[in-house]
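There are 2 protein chains.
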Amino acid sequence: MSQDALVVFTPSGRRGRFPVGTSVLQAARSLGVDIDSVCGGRALCGRCQVVLSEGEFAKHGVHSCASNLSERGENERAWEKTHGALGEGRRLSCSTEVLGDVVIDVPADSQVHRQIVRKRAEVRDIELDPSVRLYYVEVQEPDMHVPSSDLRRLKEALDFEWRLTDLHADVRVMQHLQAALRKGGWKVTVAVLDGERITAVWPGLREKIYGMAVDVGSTTIAAHLCDLQTGEVVASAGKMNPQIRFGEDLMSRVSYVMMNPGGDAEMTREVRGALNALAAELAAEAGIEIIEILEATFVGNPIMHHLLFGINPIELGGAPFALATDEAVTGLWATEIDLHIHPNARIYALPCIAGHVGADTAAAILSETPYLTDAMTLIVDVGTNAEIVLGNRERLLAASSPTGPAFEGAQISCGQRAAPGAIERVRIDPATLEPRFKVIGCELWSNEAGFAEATVATGVTGVCGSGIVEIMAELYLAGIIDQDGVVDGELAARSPRIQANGRTFSYVLHESEARTLQITQNDVRAIQLAKAALYAGIRLLMDKLRVERIERISLAGAFGSHIDVKYAMILGLIPDCPLEHVASVGNAAGTGARIALLNRARREEIETVVRRVDKVETAVEPSFQQYFVDAMAIPHKCDPFPNLRMVVELPEAKVGERSGAAGRSRRTRRGRAQGEGAPT
Amino acid sequence: MSQDALVVFTPSGRRGRFPVGTSVLQAARSLGVDIDSVCGGRALCGRCQVVLSEGEFAKHGVHSCASNLSERGENERAWEKTHGALGEGRRLSCSTEVLGDVVIDVPADSQVHRQIVRKRAEVRDIELDPSVRLYYVEVQEPDMHVPSSDLRRLKEALDFEWRLTDLHADVRVMQHLQAALRKGGWKVTVAVLDGERITAVWPGLREKIYGMAVDVGSTTIAAHLCDLQTGEVVASAGKMNPQIRFGEDLMSRVSYVMMNPGGDAEMTREVRGALNALAAELAAEAGIEIIEILEATFVGNPIMHHLLFGINPIELGGAPFALATDEAVTGLWATEIDLHIHPNARIYALPCIAGHVGADTAAAILSETPYLTDAMTLIVDVGTNAEIVLGNRERLLAASSPTGPAFEGAQISCGQRAAPGAIERVRIDPATLEPRFKVIGCELWSNEAGFAEATVATGVTGVCGSGIVEIMAELYLAGIIDQDGVVDGELAARSPRIQANGRTFSYVLHESEARTLQITQNDVRAIQLAKAALYAGIRLLMDKLRVERIERISLAGAFGSHIDVKYAMILGLIPDCPLEHVASVGNAAGTGARIALLNRARREEIETVVRRVDKVETAVEPSFQQYFVDAMAIPHKCDPFPNLRMVVELPEAKVGERSGAAGRSRRTRRGRAQGEGAPT
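Note that the protein sequences, when read in sequence, are chains S and D.
As numbered in the working numbering, the first sequence has no gaps in its residue numbers, which increase by one up to the final residue, 684.
As numbered in the working numbering, the second sequence has no gaps in its residue numbers, which increase by one up to the final residue, 684.
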């Protein structure tokens, strides 16, 4: 024992004594220290790099110096020849022997379960632990006298070298197995799914495989390509959902199916076609082959989910809105949805929750983890349908609110989808009523020098979601619209930007030769209707949970740029909350898909969590109508918004005035909701 | 307790007391008595029929009379209206209440695990326990306020009514689930695979599903369609393997692949096409839809197996003859081999054993169960390759012997495949040397009145396998060929049937206007070579096991009609054995496929057994050549055949004479073996 060397690993702090000559990798493994390796210690993959910490470590009682490790040998030089020099102070732990006491640091990128750090402090980092992992093995050659199939010998090697027992392998692997073994000289890299199933075999050492995380939205399909060895996003792409030609919103697509037998199959074909195009685009962007993508995870609302999987969504078009399945789709061949990535690639789809609350909501919950906190947390995911989740580790409620596509730019006269040229930020000077704005694709404000030149290519074409929220809030702050959303026609005397349209007034945001961008009274109403539906839904969930205060808000949605949460609150899109606890989180559903791609334990986690989520049908609640009417006002007829008022000075409410406006709006609202097949 | 009724079930003998009013089915279930039911006691399926045994049963202490059962009620009358009258004394146990003490007989056809009796006493009957079973359930309708998917409610119903828990269901089921539930008014029949996985859902009650057991031979593909509720074979069909156009025997097919890249894919397409045609033929014959076939089991030699599953068989064409896999193929979608039966049907293929010993041999072992007996058992499966299995419960050996296609009629001047018009039985009068014979498709011997008329349609076209074995043995018994297989030219003086062909002689079996069927010296040699290869292989396995006596022989093969084992032994195709323990078992491989189809426990059984089978490479054994030479003689140069001699008087051996013949044959043999790519 006395001549054994003491090895201390950081950051884990694990330590042990080993005979001189033990490799650092062996020492790490026997202590359960997390060091990655694909090649199994053959100095091929370079994943097991460590750094010697030199010096006197009093707390460990170790004097750690370079001479206590073996010198750089042939293995490391050979590796450097093909891969380039090892980083400063780095060694391949598989090829470095312990000669005396040492302190060894395992850098994050050498850990199997490395953390992928997310930007926001309040959310959990992603621990890398993908379903598919690579293992390099050397397989015994066949012997006529001991007949044993190639598969059996491969499995024996995986058992012997990696302790992977009872593996399954399906026919698709068998079809390529023998050629791979012979081409690789009996050395192959194997992809193993969930530690249970061989899904691919390549000759020789393969160091990279990829996964795809996809959010299938009604309007946009967004996808990330991730390196499954590092967790890194190596390419991102978005694409219009081609189903749009069958109907802009969900209900019009279900109507299409009702009226056109076989329409579901048409839409299924369309979305699958788009997925293949996206996969090809991602692969091209990352410079990889499409067949290097071994797995894909999917989220989407229930109708997108069902259409993707070839399930007729007709039942989701009317009460009682029964899902075909509310289970996660696991281990399905990608070819079953005609997705042509690796021929043996698998699909995972998060579970849907209820008829109107889909896998996208489940994914947003996974991203924002309200189930891990005591703080009363609200997640609002704004799209053509808005999904609302409220709760904490005690209980979670979910609802959907048919806000309509106003926040995505539809139904607004100057609205457009987020694209270069779209206005995304707006400020209005309360004194002059003059606006300034920013468009997507240009860093300058419209009143800054060079703006015109910088936007020649794109033009200023419309206003996207985040811009719409800001302009409505700024119109209110500048006194151009009042609490009830009425454009003040008297201001026409003060500014040419206020213009009469028959009996109502508009605000001109921008004029160019091509077109005039203005906010009409109807535009304001459309936004009021949308935000009132959303707010009323939130209010109902608060009632159900008997809470009056929300402690944390995640505002998600494809607004173009991240929405400015202050403006969302001024508009009354979200309830009052300390602003520092309100985050604009972008595509939370897409993030959830990525988490499910990178960490398989999270799949089980969200599958369990969604079973505890209680679905609330807001439209059938008796108090919904009153909440809706109250929420038509900006920010709200009666809710005081104390946190917001500490940061922003809101115009004084003109109580009692023009209360009829809300009443009219309510009737409009009901008509629209029915027309779109909203729950009744 | 005292007013409870005593119910005794036969044949199980299980008994118990139940409150008056308990249904007979309930009583049976609580005692674990095996009574079938698909509809779960709703008087719909009629599977739970029982018979009251009336009278005094002293040994049970029961006076069993009709008045101790409830009278025939509405349920039974309703059932009879749609299904016809219940058999004499039969009742639906679900709709019959116990009113007093009774003895209830459960007929075999009402048992879930009924026995399918096989004709031969020495083999095990098949206990019906298929992988796929039907369950009828009534599913809760959806409720918007308690959102739960249709799948979840279906699974709850299966759990509640049938205790089927943790079921999986894949996307292919989900795609049809909602329509089936609504069409059936929330009453559906579900097919469950292995108690684990929902594979199909039909509206209402479905009472029948089918399975297909297929033996993919190099020459012929044979299939049985079985009713999975009764185990009955409802249709059988055979088809030429269309791969034949790529080569008659296995090695020529592998050569085709070697010489034509993509040739494996061509052959895979061909065999799969033939399977679809076979499935359609079987369905038509049985009067069912092809999509009512829910499962298919497959056996075949390694090359047929690999080609069927799209695995290039090239490695099986040369040493070390490595299989891609020697595992059973389980739970694979039929669509993965392009087999278009039910879209969610599954495939099971028995495991291959070694490079030359395939799933067909595994199936023959399963059919003949040598592993269950102490008797030293030999299974010989004669095809283009002969497979040999020898052993008992202690140990099993297997080998393949490249006999060539002589026993299938190829390489024989008058040989043909088994088909109407082919001679299958032959007798030769030793005095007159005149033959008589029978042809397939006619019950008369050729010397009986009316034979000519009866065979006008087919003609007498050639000699099939069983006929070839018989004529060779009869030629020997009549003294026309001697122990060494030489046709005795001196007999030409006695009979015009002996004719000179250059330096050798032939025997004319039949002459017609169309053609002359004769056995030439070359034909005799070809059969000698084939049977010597087989016998030498058997001898080697006997050596390995150190046994001199074989106690049981199963002779399998597609000889046309079952081969007469006495003639096989006279010819020396099989070693000596008491004739009453030699059975001609026909297509044992096909029977094994059928057993695997009907009883899932047998699948695990054979998967375990084959792992214990030791493969012997006969061609590389040093003693093979000598055994081969000795086995050229009829029946054998030195083995005494004592059992055979007790039944048949064999001609005296002319020791020492013409021993050179065997030597010449040996050289011929080696040339042929190499030409066909036999193991060397």
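By construction, the Cβ of each residue, glycine as well, lies at the ideal position given by its N, Cα and C atoms.
Pairwise C-alpha distance: residue j and residue i
i	j	result
Thr595(D)	His228(D)	9 angstroms
Val107(D)	Arg118(D)	20 angstroms
Gln503(D)	Met476(D)	16 angstroms
Ile318(S)	Asp342(D)	30 angstroms
Gln629(D)	Cys356(D)	27 angstroms
Gly518(D)	Gly466(D)	Here residue 518(D) is Ala; the residue named in the question, Gly, does not match the sequence. C-alpha separation (whole angstroms): 11 angstroms.
Ala4(S)	Ile345(S)	Outside the displayed span of chain S (5 to 684) sits residue 4(S), for which this structure offers no information.
Leu382(D)	Asn396(D)	9 angstroms
Leu479(D)	Glu609(D)	44 angstroms
Leu376(S)	Ala587(S)	17 angstroms
Chain D within 9 angstroms of residue i, Cβ atoms only
i	result
Gln182(S)	yes
Pro324(S)	yes
Asp198(S)	no
Asn316(S)	yes
Met178(S)	yes
Glu621(S)	yes
Ile746(S)	Residue 746(S) is absent from the model: chain S starts at 5 and stops at 684.
Ala204(S)	no
Ile341(S)	yes
Val141(S)	no
Met546(S)	no
Phe509(S)	no
C-beta atoms of residue i and residue j nearer than 9 angstroms
i	j	result
Ile444(S)	Ala422(S)	yes
Lys535(D)	Val651(D)	no
Val589(S)	Leu400(S)	no
Leu327(D)	Ala353(D)	no
Leu648(D)	Leu545(D)	no
Ala600(D)	Ala217(D)	yes
Val464(D)	Ser499(D)	no
Ile120(S)	Gly215(S)	no
Ile542(S)	Pro579(S)	yes
Ala410(S)	Ile472(S)	yes
Leu162(D)	Val196(D)	yes
Phe325(D)	His360(D)	yes
Gly362(D)	Pro434(D)	no
Closer than 9 angstroms to chain S by CB, residue i
i	result
Thr329(D)	yes
Val175(D)	yes
Pro151(D)	yes
Ile557(D)	no
Val624(D)	yes
Phe313(D)	yes
Beta-carbon neighbours of residue i, restricted to chain D and to distances below 8 angstroms
i	result
Arg257(S)	Residues of chain D passing the Cβ test: none, with the nearest at roughly 17 angstroms.
Arg156(S)	Thr329, Asp330, Glu331
Cβ-Cβ separation, residue j to residue i (assumed contact under 8 angstroms), whole Å
i	j	result
Val528(D)	Thr520(D)	Rounded, the Cβ-Cβ distance is 17 angstroms, inconsistent with contact.
Leu96(S)	Ala47(S)	5 angstroms
Met380(S)	Glu555(S)	5 angstroms
Per-residue contacts from residue i into chain D (C-beta, under 7 angstroms)
i	result
Glu319(S)	Gln182
Pro146(S)	Pro324, Ala326
Contact set between residue i and chain S, taken where Cβ atoms lie within less than 8 angstroms
i	result
Leu336(D)	Asp174, Val175
Pro409(D)	The contacting residues do not exist; Pro409(D) stays about 24 angstroms from chain S at best.
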